[in-house]
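Enquirer: Each step along the sequence shown adds one to the number in full-length UniProt numbering, with nothing skipped, and position 139 is 139. From the three backbone atoms N, C-alpha and C, an ideal C-beta is built for every residue, glycine too. Remember, it's a predicted structure, so these values are computed and weren't measured experimentally. Can you read through this structure? Questions will come right after.
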Amino acid sequence: MEWPLITTAVIFLAAYSWQVIGEPTGRAGDIAYGIVFASWLVFIVDYAVNLILAQRRWEWFVHHLFELVVIVLPLLRPLRVLRAITVLHVLNRTIGTAVRGRILIYTASASALLVYAASLAVLDAERHTDSAINTMGDAIWWSFVTITTVGYGDMTPVTGVGRTLAVCLMLGGIALLGVVTGTLASWIVEKVSTNVDENQAATVAHVRRLEDRISELTRSLDVVAEQIGGESTATRHSEEMRTGRWTE
């Protein structure tokens, strides 16, 4: 079921971008609206089917409240573009089993998609008002400034949707910063642990070589001691024999 939803999300993103940036009119506008509406219906059907098939429906419902809000409330129509994040599921099949690689790719992809989606949504909500956000360039600039929590204040949304987007971007920026920081900290800890393990392994190997060398030296000393002991006995017997003959 992933690929149909991903395809729908991409089509929705393209159609919504056309609506906001191109502002098509007449038949073209009707086509763009029809595509967006059809995509919205697909999302509704997907939500309903998943809810019906869920073994623990209440638990599934609680964990998917955002999807319900986005689908039901017309006020949040621009936020439906965030449904395009389903595209990120494909990355899990293409980047292997490296957890850190998945995290970094998810973070970068989610950041780019979030900025673009928020730019479309805020432009759609703000450009026909007294807001300073009137072009796609203004919207992208505002999204970057907001998601990084810099907040220059040169552009501020004046509509409810715009301010809702601002809150979402701020929270998203904090969350993404936490992911990046956690990933970096994990990488540093792993590197330090690897170096410690390598040093410990080298030390253990060195100690084992020393033990082997000591064992060889011990065996050599035992052989020498046996040889010296044998020579001493032979010398003593020879001396006794010589002394005995001399006495006689």
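How about Asp124 and Ala132: do their beta carbons lie closer than 8 Å?
Expert: Taking the sequence shown and counting its residues from 1, the one referred to as residue 124 is at position 124. Taking the sequence shown and counting its residues from 1, the one referred to as residue 132 is at position 132. No, the Cβ-Cβ distance between Asp124 and Ala132 is not below 8 Å.
Enquirer: What is the residue span of the alpha helix (DSSP H) that Ser131 lies within?
Expert: Looking up residue 131 in the sequence shown gives position 131. First-last for Ser131: undefined, no H or E at that position.
Enquirer: Are the Cβ atoms of Thr149 and Ile174 separated by less than 8 Å?
Expert: Position 149 of the sequence shown, counted from the start, is the residue given in the question as residue 149. Position 174 of the sequence shown, counted from the start, is the residue given in the question as residue 174. For Thr149 and Ile174, yes; Cβs fall inside 8 Å.
Enquirer: So, helix, strand or coil for Thr158, using DSSP?
Expert: Numbered from its first residue, the sequence shown carries residue 158 at position 158. According to the sequence shown, residue 158 is Val rather than Thr. Coil.
Enquirer: Does the beta-carbon of Tyr16 have 16 or more other beta-carbons within 10 angstroms, so that it is buried, or is it exposed?
Expert: What you label residue 16 is simply residue 16 of the sequence shown in a count that begins at 1. Tyr16 is buried by the Cβ-count criterion.
Enquirer: Determine, using beta carbons only, whether Leu51 and Trp60 come nearer to each other than 8 Å.
Expert: Counted from its first residue, the sequence shown places residue 51 at position 51. Counted from its first residue, the sequence shown places residue 60 at position 60. Yes, the Cβ-Cβ distance between Leu51 and Trp60 is below 8 Å.
Enquirer: Could you tell me which of Glu126, Val180, Gly178 sits nearest to Ala166, measuring between CA atoms?
Expert: Counting from 1 along the sequence shown, the entry for residue 166 is found at position 166. Nearest C-alpha to Ala166: Glu126.
Enquirer: What number of angstroms, rounded off, separates the C-alpha of Glu216 from the C-alpha of His206?
Expert: The residue you call residue 216 lines up with position 216 of the sequence shown. The residue you call residue 206 lines up with position 206 of the sequence shown. Taking the straight line joining both Cα atoms gives about 15 Å.
Enquirer: When DSSP labels each residue in this structure, what does Ala121 get in the three-state scheme?
Expert: The residue labelled residue 121 in the question sits at position 121 within the sequence shown. Residue state, collapsed to three classes: helix.
Enquirer: DSSP state of Tyr152, grouped into three classes?
Expert: Here residue 152 is taken as the residue at index 152 of the sequence shown, counted from 1. In this structure, Tyr152 counts as coil in the three-state DSSP scheme.
Enquirer: With distances taken Cα to Cα, identify the nearest neighbour of Ile11 among Pro24, Gly34, Thr25.
Expert: One-based indexing of the sequence shown puts residue 11 at position 11. Cα-wise, what sits closest to Ile11 is Gly34.
Enquirer: How big is the Cα-Cα spacing for Leu177 and Ser143?
Expert: For the purposes of this step, residue 177 is taken as the residue at position 177 of the sequence shown. For the purposes of this step, residue 143 is taken as the residue at position 143 of the sequence shown. Cα-Cα distance, rounded: 15 Å.
Enquirer: Is Thr203 buried or exposed, if buried means 16 or more other CB atoms sit within 10 Å of its CB?
Expert: Here residue 203 corresponds to residue number 203 of the sequence shown, with the count starting at 1. Label assigned to Thr203: exposed.
Enquirer: With respect to the alpha helix (DSSP H) encompassing Glu23, which residues constitute its N-terminal and C-terminal limits?
Expert: For the purposes of this step, residue 23 is taken as the residue at position 23 of the sequence shown. No alpha helix (DSSP H) contains Glu23, which DSSP labels as neither H nor E.
Enquirer: Within a Cβ cutoff of 7 Å, which residues of the same chain sit near Val36, ignoring the five residues on either side of it in sequence?
Expert: Residue 36 sits at position 36 when you count from the first residue of the sequence shown. Cβ within range, chain order: Phe12, Ala15, Tyr16, Gln19.
Enquirer: Measure from the alpha carbon of Gly160 to the alpha carbon of each residue in Val179, Val180, Ala121, then state which is nearest.
Expert: Along the sequence shown, one-based indexing puts residue 160 at 160. If we check each option's Cα against that of Gly160, Ala121 comes out closest.
Enquirer: Between Ile44 and Ala117, what straight-line distance do the alpha-carbon atoms span, to the nearest angstrom?
Expert: Position 44 of the sequence shown holds residue 44. Position 117 of the sequence shown holds residue 117. If I take the Cα positions, the gap works out to 20 Å.
Enquirer: Ile95 to Ala110, Cα distance in whole Å?
Expert: Your numbering for residue 95 matches position 95 in the sequence shown. Your numbering for residue 110 matches position 110 in the sequence shown. Legend: pLDDT at Ile95 = 48, less than 50; position of this residue unreliable, value from coordinates given subsequently. If you take the alpha carbons of Ile95 and Ala110, they lie about 16 Å apart.
Enquirer: Alpha carbon to alpha carbon, how far is Trp187 from His64? Give it in angstroms, no decimals.
Expert: Indexing the sequence shown from 1 puts residue 64 at position 64. Indexing the sequence shown from 1 puts residue 187 at position 187. Rounded to the nearest angstrom, the two C-alpha atoms are 32 Å apart.
Enquirer: Expressed to the nearest angstrom, what Euclidean distance is found between the alpha-carbon atoms of Thr86 and Thr107?
Expert: Position 86 of the sequence shown holds residue 86. Position 107 of the sequence shown holds residue 107. Reliability of the predicted coordinates at Thr86 is poor, the pLDDT of 49 falling under 50, and the value obtained from them is presented with this limitation in mind. Taking the straight line from one Cα to the other gives about 14 Å.
Enquirer: Quick one: what does DSSP say Leu217 is sitting in, helix, strand or coil?
Expert: Sequence index remark: in the sequence shown, residue 217 carries index 217 (1-based). DSSP places Leu217 in helix when its eight states are reduced to three.
Enquirer: For the ligand ATP, any of its heavy atoms closer than 7 Å to the Cβ of Thr181?
Expert: The ligand ATP is absent from the structure shown, which contains no ligand whatsoever.
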